[in-house]
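Following my numbering, the numbering of the sequence shown begins with 257 at its first residue and continues without gaps.
Before any comments, here is the structure.
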Amino acid sequence: LLTGRRAVDLNQGPNDQNLVLQVRHILNDRKKLRKVIDPEMARNSYTIQSIVMFANLASRCVRAESNERPSMADCVKEIQMIIYTNSKGLGMVMHSLRLI
257 LLTGRRAVDL NQGPNDQNLV LQVRHILNDR KKLRKVIDPE MARNSYTIQS
307 IVMFANLASR CVRAESNERP SMADCVKEIQ MIIYTNSKGL GMVMHSLRLI
């Protein structure tokens, strides 16, 4: 969801076929995360805060140990909060722009 790419893409080179293995180590690094985010997300007014929150959730969802992964119910709640945070953040940005 963050990258706009397939989870497994056999058209890529052997080291780039598995998206999880490729990006897992950068999901908690804002600078590196910006480089792999789907450009559509930036064009659709997502705040970097909400993208980082979503990346954090994604990193927990792909943990090797199943007991370390959140439940689907927890994921839904967290995604709802991320959407709410994004909309509040956008409102604050728009308000700030009106003040300028």
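Built from N, CA and C at the ideal position, the CB exists for glycine as well.
Quick caveat: nothing in here was measured; it's all calculated off a predicted structure.
So, do the stretch 284 to 300 and the stretch 316 to 328 have three or more beta carbon pairs nearer to each other than 8 Å? Between the stretch 284 to 300 and the stretch 316 to 328, the count of C-beta pairs closer than 8 Å stays below three; the two stretches do not touch.
Mind checking who V264 pairs with in its DSSP beta bridge? Paired residues: N274.
Extent of the continuous alpha helix (DSSP H) to which S289 belongs: Here the sequence assigns Leu to residue 289, which means Ser is not the residue at that position. DSSP places L289 inside the alpha helix (DSSP H), whose first and last residues are R286 to V292.
Would you mind working out which of V308, V276 and L258 sits nearest M297, comparing C-alpha positions? Checked all of V308, V276 and L258; the closest Cα to M297 is L258.
So what's E321 in DSSP terms, helix, strand or just coil? Coil at E321, not helix or strand.
Determine the burial state of V276: buried for a count of at least 16 other Cβ atoms within 10 Å of its Cβ, exposed for fewer. Exposed.
Can you have a look at L266 and say buried or exposed, based on whether 16 or more other CB atoms are within 10 angstroms of its CB? With fewer than 16 other Cβ atoms from the protein chains shown falling within 10 Å of its own Cβ, L266 counts as exposed.
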